[in-house]
Amino acid sequence: MGKIIRLDEDTINKIAAGEVIDRPASVVKELVENSIDAEATSITIDIKNGGKSLISVIDNGYGIMRDDLPYLFERHATSKINSIEDLMNIRTLGFRGEAMSSIVAVADIELESQSKDDSIGSRIIINSGRIIDKKEISTSIGTIVKVKNLFKNTPARLKFLKSDKTELNYITDIVEKIALSNSHIAIKYIVDDKIIFHTPGNGDLLSVIQCIFGTKTAKMMLPVDYSNQSLSIHGFTSKPELSKGNSNYIIFAINNRVVKNNMLKEAVKTAYRTLLMNNRYPISILNISINPKVIDVNVHPTKAEIKFADNKSVFNLIYYSISQVLNNSNMTYTESFKDAEELSVKETITEKDDYINVNMFDIIEKKSFNERSSFDKKPLNNTHYNYDNSYKSKNEYINPVSKDMDIDNSSNGQIIGTLFNTYIIYQMDESFMVIDQHAAHERILYEELIEKTKHKNIEQQPLLMPIIIELTLKEKNLIEEYMDLLKDLGFEFEFFGKNSVAIRQVPIIFGEPCSGYMISELLDTIDNYKNDHSSVYEKTIAQIACKSAVKAGKNLSDIEIEELIRRLLKSKIPYTCPHGRPTMITMDKTELEKKFKRII
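In the numbering used here, the protein residues as written are 896 to 1495.
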């Protein structure tokens, strides 16, 4: 007897659902896109328990006709295309007829709808794929879909869902992007009975940016408006002064469809190449209108990916449009924002810069040493650094210092001077080191922070005036989820208002003004590594060390240089900063003499 069998319809539906519905955010995306295709001008999204217990989407679109209800939950039944030719000119967000059948295969559904062509509405309740109730009701034109108990019939998939907050972050990301790409639709987003935002639906993208990211961000955005015969680009991009630690805030919509495409992001990043530091990215929200015949949205079941017939032309046009805006960014773009209650936006809060001023090297463990008004190049005291016990093989590939070099003896060297207020020249018996003061200090602070967080004895610095930061929902959730880590690192937060937080205490290791910008960068780091708990711990500490370390170009006193080298040579891994950059390079006397042809 053969081994191949035909699967039953129920199993087929559950397998197919996995291609389209893999988490609560997928359900939200499919339902909201259906509402947009129904030409809704108002959509309300209500989420409970990260979408696991309830996802509700209410719209005022043209509704579902009673005659169409029998086909609504069947696979590959759709009102949006009739033939393969229609795929070449598709403008709707959905078209496969898979969404509702996929959802009903893995959840309970309650649906109410009335078409403008019907005199009465309909309600249908489906549990575990079976119709429990179906009847005519009196309701308004539009559709209400409630999805409950997601993945109750597929416990393996339910098991692999993340925490409610993490799943909510995925949902929020989808809802925000849909709102930003459909400014003509009023979108109300409710989470656990709290209104997160409510966009005005007046076609003003800047108002949506203000609702989602806050007034401060909206004031830093520049308008992008470019058209030619092939396509048009409309939206906003941030001034170079406003940047993020990842590219998640570069958002593209093609014909109002939110898409992923690395080429599009690369075009924006290239336009900012000389304006932003490495690993910093702008906020860009751009909607591209283009002939559907020159794009392919049928790349993946989620329809989130897209291909262009001519990548090079699209790249060049995006790069050109952004570059033109940035070249003229000295112009002041002002927008008279409407009344906050009308827009339902976050209030503007002035950020305070008051702080306790701490000398950069006060953060180094306090120990006595000879203070001298001038440095006489005397050798440092031996620190007895044990290279063999501290240096691990996993770091060998990035070690710029020869393994044969005697680190113990290096502490008997003398400081010759500095280059460019950045590089310290340190001479040993028959060799010398060039030490990067920022990378070296970063390594010192990183190891000190790691050690102190283990013993929960981070010194804290109370702020005379708290720093008030306006948060997105995603940032607020990150702080709540990683509150224990942030407390261990010396931060004290107090939530107030809808989406604002007051920072009342910071690690004294900062030693300089702690700004909202620094906190934002810290949250970006947590966001980038949140799926790996060990990495998020290390990377967050590395970020604090980097921001707190003495900067390149800062003139250090002789005493500070001496202390920096002493502490570096006592580090467990003195050769690199926490991000992998070398802290020092070395050259012996013989190699130097070869450079000058003294020896062959």
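Ideal Cβ positions, reconstructed from N, Cα and C, are used throughout, including at glycine.
Would you kindly check if the distance between the Cβ of Ile942 and the Cβ of Val1086 is under 7 Å? Within the sequence shown, numbered from 1, the residue matching residue 1086 stands at position 191. Within the sequence shown, numbered from 1, the residue matching residue 942 stands at position 47. Yes, the Cβ-Cβ distance between Val1086 and Ile942 is below 7 Å.
Comparing C-alpha positions only, which one of Val1153, Tyr1176, Ser1125, Asn1151 sits nearest to Lys1207? In the sequence shown, counting from the first residue as 1, residue 1207 sits at position 312. For Lys1207, the nearest C-alpha among the options comes from Ser1125.
Please state if the CB of Ser1395 and the CB of Glu1365 are separated by a distance shorter than 7 Å. Locating residue 1365 in the sequence shown gives position 470, counting from the first residue. Locating residue 1395 in the sequence shown gives position 500, counting from the first residue. With respect to Ser1395, Glu1365 sits close: the two C-beta atoms are nearer than 7 Å.
Buried/exposed call for Gly1359, threshold 16 Cβ in 10 Å: In the sequence shown, residue 1359 corresponds to position 464, counting from 1. Inspection of the sequence shows that residue 1359 is occupied by Leu rather than by Gly. It is exposed - the Cβ of Leu1359 has fewer than 16 other Cβ atoms within 10 Å.
Helix, strand or coil, according to DSSP, for His1474 in the structure here? On the sequence shown, position 579 is the one that residue 1474 refers to. Coil at His1474, not helix or strand.
DSSP three-state call for Thr1313: helix, strand or coil? By one-based count along the sequence shown, residue 1313 stands at place 418. Thr1313 falls in the strand class under three-state DSSP.
Have a look at Pro1361, Thr1478, Gly1385, Thr1313 and flag the residue whose alpha-carbon is nearest the alpha-carbon of Glu1453. One-based indexing of the sequence shown puts residue 1453 at position 558. Sequence check: residue 1453 is Asp here, not Glu. It is Thr1313 whose Cα lies nearest to the Cα of Asp1453.
beta-carbon Asn1426 near the ligand FMN non-hydrogen atom, thresh 6 Å: Ligands displayed in this structure: none; no statement on the ligand FMN is therefore possible.
Assign Arg961 to one of three DSSP states: helix, strand, or coil. Taking the first residue of the sequence shown as position 1, residue 961 is located at position 66. Of the three classes helix, strand and coil, the one that applies to Arg961 here is helix, per DSSP.
What first and last residue would you give for the beta strand (DSSP E) that runs through Leu1126? Taking the sequence shown and counting its residues from 1, one reaches residue 1126 at position 231. Where Leu1126 is concerned, the enclosing beta strand (DSSP E) stretches over 1126 to 1133.
Are the segment 1459 to 1479 and the segment 1336 to 1350 in contact at 8 Å, needing three or more beta carbon pairs? Yes, they touch.
How is Leu1056 classed by DSSP in three states: helix, strand or coil? Numbered from its first residue, the sequence shown carries residue 1056 at position 161. Coil.
Just the Cα atoms here: how many angstroms apart are Ser1076 and Leu1045? On the sequence shown, residue 1076 is found 181 positions in, with the first residue counted as 1. On the sequence shown, residue 1045 is found 150 positions in, with the first residue counted as 1. About 27 Å.
For the candidate residues Ile1019, Ser1014, Ala994, whose alpha-carbon lies nearest to that of Asn1004? If you number the sequence shown from 1, residue 1004 lands on position 109. Note that residue 1004 is Ile in the sequence shown here, rather than Asn. Put simply, of Ile1019, Ser1014, Ala994 the residue whose alpha carbon is nearest the alpha carbon of Ile1004 is Ile1019.
Quickly, what does DSSP pair Leu1170 with across the bridge? List them, please. Locating residue 1170 in the sequence shown gives position 275, where the first residue counts as 1. BP columns for Leu1170 are empty, so no partner.
Close beta carbons around Lys1442, own chain, < 6 Å, minus the five adjacent residues each side: In the sequence shown, counting from the first residue as 1, residue 1442 sits at position 547. So the qualifying residues of the chain are Met1413.
As a quick exercise: from Ile1190, Tyr1214, Ile1213, pick the residue whose alpha carbon is nearest that of Phe1203. Counting from one through the sequence shown, the residue named residue 1203 turns up at place 308. Ranking the options by Cα distance to Phe1203, first place goes to Ile1190.
For a test of the three-state rule: what should DSSP assign to Thr1227, helix, strand or coil? As a working note, residue 1227 is residue 332 in the sequence shown. Unreliable positioning characterises Thr1227 in this predicted model, as indicated by a pLDDT of 39, which lies under 50. The coordinate reading is nonetheless provided below. Note: Thr1227 maps to coil in three-state DSSP.
Beta-carbon proximity list for Ala920, same chain, < 8 Å, skipping 5 on both sides: Locating residue 920 in the sequence shown gives position 25, where the first residue counts as 1. Excluding positions up to five away in sequence, the list reads Gly946, Glu1062, Tyr1065, Ile1066, Asp1068, Ile1069.
Option in Tyr1176, Gln1356, Ile998, Arg1461 with minimal Cα separation from Ser1415: As a position in the sequence shown, residue 1415 is number 520, starting the count at 1. The residue from Tyr1176, Gln1356, Ile998, Arg1461 with its alpha-carbon nearest to that of Ser1415 is Tyr1176.
For the beta strand (DSSP E) holding Thr1038, just list the boundary residues, first then last. What you label residue 1038 is simply residue 143 of the sequence shown in a count that begins at 1. It spans 1037 to 1043 - the beta strand (DSSP E) in which Thr1038 sits, taken as one unbroken run.
Mapping DSSP to helix, strand and coil, what is Ile1021? As a position in the sequence shown, residue 1021 is number 126, starting the count at 1. The answer is strand: DSSP assigns Ile1021 an E or B state.
Nearest candidate by alpha-carbon position, reference Val1445, set Asp1331, Arg961, Lys1349: Residue 1445 sits at position 550 when you count from the first residue of the sequence shown. Nearest of Asp1331, Arg961, Lys1349 to Val1445, Cα basis: Asp1331.
Would Phe1386 be called buried (16 or more neighbouring beta carbons within 10 Å of its own) or exposed? Position 491 of the sequence shown, counting from 1, holds the residue named residue 1386. Only buried fits Phe1386, as 16 or more other CB atoms lie within 10 angstroms of its CB.
Is it buried or exposed, Phe968, if we count other Cβ atoms within 10 angstroms and call 16 or more buried? Position 73 of the sequence shown, counted from the start, is the residue given in the question as residue 968. Under this definition Phe968 is a buried residue.
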